[in-house]
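Asks: Submitted below is the structure of interest, expressed as structure tokens.
Chains as they are written, first to last, in the working numbering: chain E, 440 to 1100; chain D, 2 to 136.
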């Protein structure tokens, strides 16, 4: 019954979105109905489809929570023994469920645009909502025709096949929603761009409208990717945080496009420049989100996340992808001249610096795309299987993105339109000297320095110091110019968007510092340990106590106990890694144990029991890693996301109608 | 510094084109260095694989072929595609889904008729089989 209710919600939403968007476009072109009326109608539809999809989503969720194994999707991705938080997470653990989540997010964003766009010009609002509703139609059609999450099976299954044990992790409960909020959020920026192209008019107001939406989407995507990376670190048992797996790359590409987009939107907003570039980036960011969905959900990749193997679906997503991307690029090609390039600027100016970073990010994006898609195309054409290793991505990424950090250090002190290069560099003299000293100190005291680790540390320190200096300098300047003496007032005068930039850039510095330090100073040791044996790693001592039998609700486990002490310290930390075997699927999973700290994690996971030892003195294969500063990677990402979220609260973007045309 | 306006005008585009050429060259270079090809035991047995660069070997771990050396992390096993088998050696902790009778992908090089792997790839799906075996 509940499943049928959900099915009904999906079908109604599809019919409603189809009718309103087609009817809306038709009436709009004939000019019969006033814009106000149309806008009201579209707003109503957007809210209604959101309500209906909410209903469908909740219906699927309750099927999972109530373990209704007559629904195929539930039978295949849940189990009677599964703890309830994972039953909820299983709602989006499968192909069908995750597409429903996609559509759910899309209707959610559409409803948000409908509600929060009181200050949009009415004609523009009509176009934006129509584009978003058309996207809903396309995705609902795909969902209903090839991936219906509510399909029944007869006879019903007894206990369900179980959720993939890898996905049974607290982080995996929130990773997909965050990631999809980001992916789908770029649909809003895309709809704004398409609407502007249709209207043939692009002004700073358009950029101001788009900015908060793009920032929000990018922040969600940042958190989503960060959670995925953290999950890989804790759950895959390899201690790495990024594998350059095609599925990870699929999320990195829209992220890079999004990062470029939010900066070029800033230029268009402030200076009315780089207009067609900004529009192009809006389209590319969403196109890459769709490509990401295609790569992960079509089954073209045999990798961690690609659980779908139905070629029909792949072809449908590909068709959807080509129609959306193809038509928007055609529109772009036809209309971009009308839109124009926008404001002029000198070769040495803040616009140029931002453009340089944009180009660097887009280049990085295409190198990732080459490494991700080439093996797929090559296999289709030559029939040979191949893969591109992580060393490729590492070799191209550092040289492309480290210069970007230097530009980021300088850009905030640079001037719009035109500036003196030497004058600008004066502002970053002190941070530069301090950053160099920091990098030298790290190389001298830390040892093991390589040219890349030096450059990485220097760039991160430079960005951090230059950003802090800039904030302090701005505050001091306000005071000198007769601003309020109270620090709080001066902080407020600078505006939330300014502080958002400061926070996000500090995040980038922390991230790069973390990546560089963990890459340079990590220690990895795989060995066989007997009970009682002690192993030194960095200044930690790890003692293997033994392995006993443990169990959870839906698994049995070999449960290891390790004692951890630092230096000559007397505090003992217990680490308890497990090797689990899940009852329903029989799948074996390594659960690492990690001691977290800001300065470095100790990471222990169990391998196999040693072949030739007695049962009482059973030795085990053990993996002990020391990961210095790895936490900075995730903290850095959180800072970046926090920056994006802060901009949403800036009053600048909440001006009422009237103020804009 | 520069004599004529003409030279000045030409310099910027030339610098941009030069930078692009260097970047593209570096990318393509890194790319071709790190392209790893995939081989089956039969292809290896016929000597089709190069000896001087890392390759991937895919197949099934033969039943009863796995030997773990006591007190070390050395493992040896045979990979088969039902026509030929190749002996693989590896030192380290093997992934959870690495089992006899299951699919495996190993990365490494041939040395004296043995495949010395430096990585055993985790395939996080119990039902995964290298495409070669599906046919």
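Where is the CB? At the ideal position from N, CA and C, for every residue including glycine.
1) Closest to residue 1008 (chain E) by C-alpha separation, out of E:980, E:998, E:1016 and E:991, would be which residue?
2) The alpha helix (DSSP H) spanning residue 520 (chain E) covers which residue range?
3) For residue 983 (chain E), which beta-bridge partners are listed by DSSP?
4) Distance, Cα to Cα, residue 1073 (chain E) vs residue 45 (chain D)?
5) Going by the CB atoms, is the gap between residue 1083 (chain E) and residue 528 (chain E) shorter than 8 Å?
6) Is it buried or exposed, residue 708 (chain E), if we count other Cβ atoms within 10 angstroms and call 16 or more buried?
7) For residue 75 (chain D), which residues does DSSP report across the bridge?
8) Kindly indicate if chain E contains any beta-carbon less than 8 Å away from that of residue 95 (chain D).
9) Residue 69 (chain D) touches chain E at which residues, Cβ-Cβ below 8 Å?
10) Under 8 Å, Cβ to Cβ, is there at least one residue of chain E near residue 121 (chain D)?
11) With a threshold of 8 Å between beta carbons, is residue 11 (chain D) in contact with chain E?
12) Tell me whether the beta-carbon of residue 941 (chain E) lies closer than 8 Å to the beta-carbon of residue 910 (chain E).
13) For residue 49 (chain D), does the count of other Cβ atoms within 10 angstroms reach 16, so buried, or fall short, so exposed?
14) How would you list, in chain order, the residues of chain D whose beta-carbon sits under 9 Å from the beta-carbon of residue 967 (chain E)?
15) Which chain D residues are close to residue 834 (chain E), counting only those with a beta carbon under 7 Å from its beta carbon?
16) Where do the ends of the alpha helix (DSSP H) carrying residue 638 (chain E) lie?
17) Tell me the residue span of the alpha helix (DSSP H) that contains residue 446 (chain E).
18) Write down the C-beta distance between residue 690 (chain E) and residue 680 (chain E) rounded to the nearest angstrom, noting that I regard them as a contact closer than 8 Å.
19) Give the straight-line distance between the Cα atoms of residue 1032 (chain E) and residue 72 (chain D), rounded to the nearest whole angstrom.
20) Determine, using beta carbons only, whether residue 693 (chain E) and residue 811 (chain E) come nearer to each other than 8 Å.
21) Starting from residue 809 (chain E), find everything on chain D with Cβ-Cβ shorter than 7 Å and list it in chain order.
22) What span of residues does the alpha helix (DSSP H) with residue 725 (chain E) cover, start to end?
23) Is it buried or exposed for residue 884 (chain E), if we count other Cβ within 10 angstroms and need 16 for buried?
24) Listing by chain order, which chain E residues have their CB less than 8 Å from the CB of residue 78 (chain D)?
25) Which first and last residues belong to the beta strand (DSSP E) in which residue 1029 (chain E) is found?
26) Buried or exposed for residue 645 (chain E), going by 16 or more other Cβ atoms inside 10 Å?
27) Within the 8 Å Cβ cut-off, does residue 28 (chain D) reach chain E?
28) In whole angstroms, what separates the C-alpha of residue 791 (chain E) from that of residue 483 (chain E)?
29) Could you pull out every residue in the same chain whose Cβ sits closer than 6 Å to the Cβ of residue 688 (chain E), ignoring the five residues on either side in sequence?
30) Is residue 37 (chain D) close to chain E, meaning its C-beta is less than 8 Å from at least one C-beta of that chain?
31) Let's test the definition: count the other Cβ atoms within 10 Å of the Cβ of residue 961 (chain E) and tell me whether it reaches 16, buried, or not, exposed.
32) If I'm right that residue 456 (chain E) touches residue 607 (chain E) with Cβ under 8 Å, what's the distance once you round it to whole angstroms?
33) Is there a Cβ of chain D sitting closer than 8 Å to that of residue 1028 (chain E), yes or no?
Replies: A quick look at the data gives this:
1) Selected option, being the one with the closest Cα: E:980.
2) Counting along the chain, residue 520 (chain E) falls outside any alpha helix (DSSP H), and DSSP gives it neither H nor E.
3) BP columns for residue 983 (chain E) point to E:1001.
4) Each residue's Cα considered, the two are about 43 Å apart.
5) Contact: no.
6) By the 16-neighbour rule on beta-carbons within 10 angstroms, residue 708 (chain E) is buried.
7) Answer is D:92, bridged to residue 75 (chain D).
8) True, the Cβ-Cβ gap to chain E drops below 8 Å.
9) Within 8 Å Cβ-Cβ: 1047, 1049 and 1050.
10) With a threshold of 8 Å between beta carbons, residue 121 (chain D) makes no contact with chain E.
11) No, residue 11 (chain D) does not count as interfacial toward chain E.
12) In this structure, residue 910 (chain E) lies closer than 8 Å to residue 941 (chain E) by Cβ.
13) It is exposed - the Cβ of residue 49 (chain D) has fewer than 16 other Cβ atoms within 10 Å.
14) Annotation: Cβ neighbours of residue 967 (chain E) in chain D (cutoff 9 Å, chain order): 71, 72, 73 and 74.
15) Within chain D, the residues near residue 834 (chain E) are 31.
16) In this chain, the alpha helix (DSSP H) harbouring residue 638 (chain E) covers 609-638.
17) Here the alpha helix (DSSP H) through residue 446 (chain E) covers 441-469.
18) Residue 680 (chain E) and residue 690 (chain E) do not touch by the CB rule: their CB atoms are close to 14 Å apart, not below 8 Å.
19) Between the C-alpha atoms of residue 1032 (chain E) and residue 72 (chain D) there is a straight-line separation of about 23 Å.
20) Taking 8 Å as the Cβ cut-off, residue 693 (chain E) and residue 811 (chain E) do not qualify as a contacting pair.
21) From the beta-carbon of residue 809 (chain E), the residues of chain D found nearer than 7 Å are 32.
22) Where residue 725 (chain E) is concerned, the enclosing alpha helix (DSSP H) stretches over 714-736.
23) By the Cβ-count criterion, residue 884 (chain E) is exposed, with fewer than 16 other Cβ atoms from all chains shown falling within 10 Å of its own Cβ.
24) Simply none; closest approach about 13 Å.
25) If you look at residue 1029 (chain E), you'll find it in the beta strand (DSSP E) that goes 1027-1030.
26) Buried.
27) Closer than 8 Å to some Cβ of chain E, the Cβ of residue 28 (chain D) qualifies, so yes.
28) So the two alpha carbons sit approximately 43 Å from each other.
29) Around residue 688 (chain E): 807 and 811.
30) Chain E contact via Cβ: present.
31) Here residue 961 (chain E) is buried. Its C-beta has 16 or more other C-beta atoms within 10 Å.
32) Wrong, their Cβ atoms sit about 35 Å apart, outside the cutoff.
33) Closer than 8 Å to some Cβ of chain D, the Cβ of residue 1028 (chain E) qualifies, so yes.
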